[in-house]
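Sequences listed follow chains A, B, C and D, in order.
Note that my numbering has the first sequence beginning at 15, numbered continuously upward.
Note that my numbering has the second sequence beginning at 15, numbered continuously upward.
Note that my numbering has the third sequence beginning at 15, numbered continuously upward.
Note that my numbering has the fourth sequence beginning at 15, numbered continuously upward.
Read the structure below first, then the notes.
Number of protein chains: 4
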Amino acid sequence: MAKIKVGIIGAGFIAGVHASVLASDDRVELVAIYDVVNDCTERLARTCNARTAQSAAEVIDTCDAVYITTPNTKHVELALAAASANKHVFCEKPLATNVSEALLVVEAAEKSAGVFQVGHNRRFAPVYATLKQMLAESHTPHSAHIKMNRGELLKPVWTGDPAVTGGFLFETTIHMFDMVRFLFGEVESLLAIGSTHEYAEVDDFSVLLKFTNGVHATLASSADASWLFPFERVEVFCHHSTLLTREMETLVCSSNIQGHFAEQSMQQLPREEKWGYLQEDRAFIDAIVNGTPPAVTALDGLMSVKLVEAVYRSVETGEMSDML
Amino acid sequence: MAKIKVGIIGAGFIAGVHASVLASDDRVELVAIYDVVNDCTERLARTCNARTAQSAAEVIDTCDAVYITTPNTKHVELALAAASANKHVFCEKPLATNVSEALLVVEAAEKSAGVFQVGHNRRFAPVYATLKQMLAESHTPHSAHIKMNRGELLKPVWTGDPAVTGGFLFETTIHMFDMVRFLFGEVESLLAIGSTHEYAEVDDFSVLLKFTNGVHATLASSADASWLFPFERVEVFCHHSTLLTREMETLVCSSNIQGHFAEQSMQQLPREEKWGYLQEDRAFIDAIVNGTPPAVTALDGLMSVKLVEAVYRSVETGEMSDML
Amino acid sequence: MAKIKVGIIGAGFIAGVHASVLASDDRVELVAIYDVVNDCTERLARTCNARTAQSAAEVIDTCDAVYITTPNTKHVELALAAASANKHVFCEKPLATNVSEALLVVEAAEKSAGVFQVGHNRRFAPVYATLKQMLAESHTPHSAHIKMNRGELLKPVWTGDPAVTGGFLFETTIHMFDMVRFLFGEVESLLAIGSTHEYAEVDDFSVLLKFTNGVHATLASSADASWLFPFERVEVFCHHSTLLTREMETLVCSSNIQGHFAEQSMQQLPREEKWGYLQEDRAFIDAIVNGTPPAVTALDGLMSVKLVEAVYRSVETGEMSDML
Amino acid sequence: MAKIKVGIIGAGFIAGVHASVLASDDRVELVAIYDVVNDCTERLARTCNARTAQSAAEVIDTCDAVYITTPNTKHVELALAAASANKHVFCEKPLATNVSEALLVVEAAEKSAGVFQVGHNRRFAPVYATLKQMLAESHTPHSAHIKMNRGELLKPVWTGDPAVTGGFLFETTIHMFDMVRFLFGEVESLLAIGSTHEYAEVDDFSVLLKFTNGVHATLASSADASWLFPFERVEVFCHHSTLLTREMETLVCSSNIQGHFAEQSMQQLPREEKWGYLQEDRAFIDAIVNGTPPAVTALDGLMSVKLVEAVYRSVETGEMSDML
């Protein structure tokens with residue numbers, strides 16, 4: 015079988031992660047790289063033995079599948095172009111940085127003959143994939159208590175520029191808005207309070223979420239505090255049990271009233287597997303090869319954008335956001 | 015100087031804790047004990063070398079100061095009687111199990127010639143007292159993420175009986191509603207979601223709190239999950255720092271963006287000091303001896319009852335509770 | 015059946031612990047207390063509703079069973095007297111503070127008609143009792159790495175006085191010398207290095223132990239370092255598994271090569287059960303009532319004294335101590 | 015200034031780490047790669063844009079400086095060749111897998127005009143570099159308790175082949191024998207016990223070490239247990255303080271008798287910096303450029319080989335090994 019020709023648009027850190035994973039997949043041939051910064055293009059192209067392209071359009075034209083790994087606010091234009099060209103598209107999160115544009119991408123993805131997958135890698139990370147399985151099989155969730163902090167918006171410097179990220183929640187915390195849908199289903203309503211301290215945008219959030227299935231959750235997300243471990247933590251309270259994740263490092267299950275627990279450690283896993291990158295890239299290629307639906311759809315991408323936008327709106331208005 | 019004659023009404027576990035602390039205070043003479051269960055009265059009276067009284071009224075009549083350590087729903091009647099008799103009163107939390115009765119007690123306390131202190135011991139626990147001091151002196155709080163779980167409402171069995179406790183939030187979680195006022199000031203509004211799973215009452219809560227000074231907080235409180243350590247945890251996010259408590263065991267301060275931290279361990283302290291019982295009893299006697307205001311007033315007691323009632327109301331109505 | 019009349023000689027902290035446990039045992043009547051300090055005698059006698067005796071001899075004469083809970087260097091004389099009088103004896107650890115005297119007590123215990131049990135409580139603590147069971151049933155030990163520190167010899171002040179303790183190793187570390195025999199069987203030989211830093215005795219030890227069954231172990235014991243948790247830790251290395259205890263708080267079992275583990279937490283247990291005091295006192299009374307052998311014999315007490323003495327000798331000579 | 019031409023002999027995992035670090039050093043030009051496996055040579059050469067050499071000799075001939083990153087048992091021959099050719103040599107640990115060959119390399123290194131550095135990277139890892147500094151400046155060590163485990167000798171498979179590694183201690187644990195010299199100075203004598211369980215070599219060790227300055231230490235090293243975190247831990251007991259490292263992740267300092275501590279977390283550092291690879295490679299190039307002595311000398315390499323050999327000898331004979 016002919017190999018799938020893959021191109022990458024945007025040659026920063028996350029592009030390198032995907033390139034390295036794709037290089038180990040026999041079904042794939044990495045053929046073209048493009049970044050607006052020439053040096054980045056060349057360095058990544060050399061590492062993965064691919065061609066340097068002169069434009070994003072050239073990548074789309076000459077490949078079967080395209081990875082969009084540019085800054086957040088550049089995703090939409092490229093996603094529309096690639097999907098319209100009926101190419102397979104792997105679009106990094108967020109799908110867009112506002113709902114109206116996200117809707118355009120969903121429409122294009124639905125019309126396209128290609129597979130369209132969004133890069134919500136945490137669904138594939140063993141801690142979260144296992145948590146999801148436990149909730150589905152044996153631990154019906156009652157409520158959750160969630161934290162998704164960053165220590166700062168200084169390193170790299172663009173993480174503090176909303177013109178690049180679309181806003182702090184679109185960059186990091188959006189992972190958790192996708193995660194709560196993955197774990198608990200659709201959100202019925204939410205109320206959020208935010209405040210601004212260190213950065214030129216709202217950088218500290220408290221959110222209350224109600225899900226259609228009755229689950230409820232508290233979520234804190236701060237960019238102005240610290241990297242005190244764990245800065246990303248999900249606690250789910252079930253029938254006399256607590257399930258807890260710390261980063262993508264450990265998954266704890268305490269299913270008794272003594273305080274005993276079992277802890278799964280992911281420390282021995284390579285980072286691309288621990289963080290789910292390996293699995294999401296395999297899943298994308300699987301969907302292309304097998305003609306099956308992608309594991310994370312454009313609609314999933316839209317829904318997490320909707321939640322982020324609803325949080326910003328609630329912070330502004332002081333009102334609950336109804337999500338239905 | 016004549017010793018202060020102290021009596022205790024209600025001779026359960028927490029009465030024993032106070033009795034043991036008071037026994038080590040030279041300014042105090044423990045004179046009378048009463049409990050509706052004779053065995054309890056006798057056991058405690060023997061341990062602390064005090065008289066067994068035949069009624070609560072006898073304790074109030076024959077003592078200068080009265081500890082009210084009965085079940086929650088019995089506090090009000092005894093508090094009113096003792097305050098009206100111008101005795102010094104140490105009333106265990108909650109002050110009452112509804113706002114209207116709490117108001118009566120506040121009124122009686124204000125009219126009384128005696129000191130009136132409420133048993134919110136956590137204010138005196140070194141982890142929380144130190145946290146308070148750090149927030150006041152060097153770490154202005156931005157937001158907080160708080161958990162206050164119990165593993166079950168089975169042991170002791172009365173913890174699951176709302177006729178005794180007034181409701182789960184009045185028994186355990188009320189500590190945290192007093193704590194947030196202690197740390198962050200008055201609550202402006204709150205929204206709460208609750209659900210019922212294992213017990214004959216709402217046993218799982220998610221709460222969003224807004225304070226008048228702009229601080230906001232998420233608070234989870236569950237009685238149906240587990241005793242996974244830490245079941246009581248306060249995280250405060252400040253200017254590039256995180257302050258964290260685990261139970262009353264440890265206080266962590268991370269004031270940098272590397273993830274380094276300093277941890278104060280209270281493990282070597284005796285339990286009555288670690289939990290603040292020693293300090294609150296000393297403070298009560300100090301207030302009596304020095305004629306100074308009590309450290310935790312009837313008004314403080316009322317305010318935490320108000321917050322608990324507001325949470326129950328918000329759960330019922332689905333609406334925000336305005337606290338001002 | 016007539017209750018067993020128990021007396022206590024030595025009315026310090028540990029006496030209070032045993033008294034409290036015995037008070038909850040229906041088969042026991044606490045009748046007499048003696049301490050060379052009158053105040054201690056009286057306080058404990060009042061708490062447990064017992065008579066104050068005028069001498070140790072009076073306690074021995076008037077009781078069926080005697081607890082010896084005096085300072086370490088006073089155990090031998092009392093143990094000899096009580097055993098010779100054919101009384102049941104519970105002698106706190108250490109049995110003696112040198113081998114020659116320990117041998118005398120073993121001899122007296124063997125001749126006595128009474129039960130003779132030594133207070134190596136850790137054998138009964140759930141973390142260690144469970145560890146022992148796991149090693150016996152499913153995890154054959156290969157080697158062990160053990161730490162038994164104290165943070166200081168200042169509180170209480172007598173812990174730093176070898177005239178009272180018999181030497182630091184006789185006070186605290188002897189627990190671990192009994193524990194290794196309990197877990198791994200008899201020691202074949204050992205080599206120890208010690209040094210003197212903060213106190214008027216050797217206060218810092220490194221020990222290498224070889225057991226007759228081929229197990230080997232490293233043991234560190236310091237009185238001059240800190241109370242950094244855990245100060246008492248046993249790690250046992252088995253067939254691709256590690257068993258680990260921290261104080262008497264937690265027991266960890268990692269039986270895989272991924273790093274996953276299960277942790278049993280004892281935090282919810284009352285202290286007297288967590289530390290094994292409840293169980294050892296029940297076992298002592300069981301042995302009396304049932305005429306069965308004690309759970310920890312005078313010979314066990316002797317063997318741990320032998321190990322401590324061998325460590326001190328090895329430190330002095332720089333030579334291996336042969337234990338067979 | 016002309017760039018230093020660096021070649022690499024042995025193109026496995028650790029070669030890739032050094033290549034990546036060297037690629038970011040402007041003073042260096044990576045020119046030639048050789049491995050007995052052609053595929054490895056080609057992959058690494060492509061990644062770092064270097065030439066594939068046809069032999070080790072070609073690398074030595076055509077470069078100013080040579081990295082020897084072959085399997086352990088191949089180090090000596092290459093180190094002798096490169097040093098004799100007066101090239102700068104970075105030789106991965108162990109310097110050799112026996113003392114007699116290590117002596118030959120030391121001799122060659124001393125005669126050579128080139129810099130000779132041994133790859134004991136842990137000296138440069140921030141946890142250990144900081145620990146060393148604290149011991150030197152403010153915390154005089156009394157004794158230490160050290161664990162250096164591996165979870166298995168299965169992944170990669172060659173780790174279980176003594177023909178490749180020279181023996182388990184030469185592969186992983188030798189890091190710790192270098193570390194104790196780095197921290198505490200020269201070893202005066204040691205006694206070791208070993209046993210064989212899962213692998214075709216002694217795989218479980220207990221060691222007692224005495225240093226010339228009076229410090230003493232216990233060291234456990236097992237390859238047959240588990241990856242329970244932390245598998246590498248150094249605890250140093252000082253004047254009422256404990257310093258503790260866990261892997262190269264965290265450094266804890268507890269300098270009081272309450273149990274409080276400060277923890278430095280290295281979690282935010284990139285792996286090549288956290289593990290000291292970046293710093294050791296910079297130090298090697300610094301030594302070349304500045305004509306200064308290397309940070310880890312051939313003599314250091316020899317001394318750690320001597321300690322490993324002494325442990326194996328002690329295990330075999332049952333006798334103490336005198337190191338002076």
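Where is the CB? At the ideal position from N, CA and C, for every residue including glycine.
To the nearest angstrom, how far is it from the Cα of residue i to the Cα of residue j?
i	j	result
I299 (chain B)	D53 (chain C)	26 Å
D40 (chain C)	I302 (chain C)	14 Å
V73 (chain B)	T55 (chain B)	12 Å
R175 (chain A)	G181 (chain A)	Checking the sequence, you will find Asp at residue 175 (chain A) rather than Arg. Looking at the two C-alpha atoms, the distance is approximately 7 Å.
R195 (chain C)	Q147 (chain C)	14 Å
L338 (chain A)	V201 (chain A)	8 Å
F341 (chain A)	M317 (chain A)	Nothing can be reported for residue 341 (chain A): it is not among the residues displayed for chain A, which extend from 15 to 338.
M193 (chain C)	F104 (chain B)	47 Å
T306 (chain B)	A150 (chain B)	23 Å
L116 (chain A)	S98 (chain A)	Note that residue 116 (chain A) is Ala in the sequence shown, not Leu. Roughly 15 Å between the two C-alpha positions.
A143 (chain B)	Q281 (chain B)	16 Å
Less than 7 Å between the beta carbons of residue i and residue j, yes or no?
i	j	result
V42 (chain D)	L36 (chain D)	yes
T232 (chain A)	L222 (chain A)	yes
F251 (chain B)	H156 (chain B)	yes
K288 (chain C)	V113 (chain C)	no
H134 (chain A)	V310 (chain A)	yes
L92 (chain D)	A70 (chain D)	yes
S279 (chain A)	T256 (chain A)	no
I82 (chain C)	I47 (chain C)	no
Y291 (chain B)	V31 (chain B)	yes
S240 (chain C)	S268 (chain D)	yes
R296 (chain C)	K161 (chain C)	no
R164 (chain A)	A237 (chain A)	yes
E166 (chain B)	I271 (chain A)	yes
V132 (chain A)	D314 (chain A)	yes
Skipping 5 residues on each side, what residues in its chain have a beta carbon closer than 7 Å to that of residue i?
i	result
L94 (chain D)	L118, V119 and A122
I188 (chain A)	K107, P108, S318 and V322
K17 (chain D)	R41, V42 and E43
Who are the Cβ neighbours of residue i in its own chain at under 6 Å, not counting the five residues just before and after it?
i	result
N227 (chain D)	G199
T111 (chain C)	N86, T87, G180 and F184
V266 (chain D)	L258, F275 and E277
M262 (chain C)	A139, V141, K288 and W289
Near residue i, which residues of its chain fall below 8 Å by C-beta distance, leaving aside the five closest residues on each side in sequence?
i	result
M334 (chain D)	S203, L204, L205 and S328
E286 (chain A)	V31, S34, V35 and L292
V178 (chain A)	P85, N86, T87 and W172
Quick one: is residue i near chain F, going by C-beta distance under 7 Å?
i	result
S268 (chain C)	Looking for chain F here will not work: the only protein chains present are A, B, C and D.
* Are at least three pairs of beta-carbons, each pair with one atom in the region 120-133 of chain B and one in the region 323-338 of chain B, less than 8 Å apart? -> Touching, no, given that fewer than three Cβ pairs across the two stretches are closer than 8 Å.
* Asked: Along the region 187-207 of chain C, what residues have a CB closer than 7 Å to any CB found in chain D?
  -> L205 and I207
* **Positions along the region 237-258 of chain A whose CB lies within less than 9 Å of some CB in chain D** => W241, L242 and F243
* Could you please tell me which residues of the region 136-152 of chain B, in chain order, have their CB closer than 9 Å to any CB of chain A? => none
* Which of the residues in the region 272-289 of chain A, read from start to end, lie with their CB under 8 Å from any CB of chain B? -> Q272, G273 and F275
* Going along the chain, which residues of the region 204-232 of chain D sit with their C-beta nearer than 9 Å to a C-beta in chain C? -> With the criterion set as a beta carbon lying under 9 Å from some beta carbon of chain C, the members of the region 204-232 of chain D are L205, A206, I207, G208, S209, H211, E212, D217, D218, F219, S220, V221, L222, L223, K224, G228, V229, H230, A231 and T232, in sequence order.
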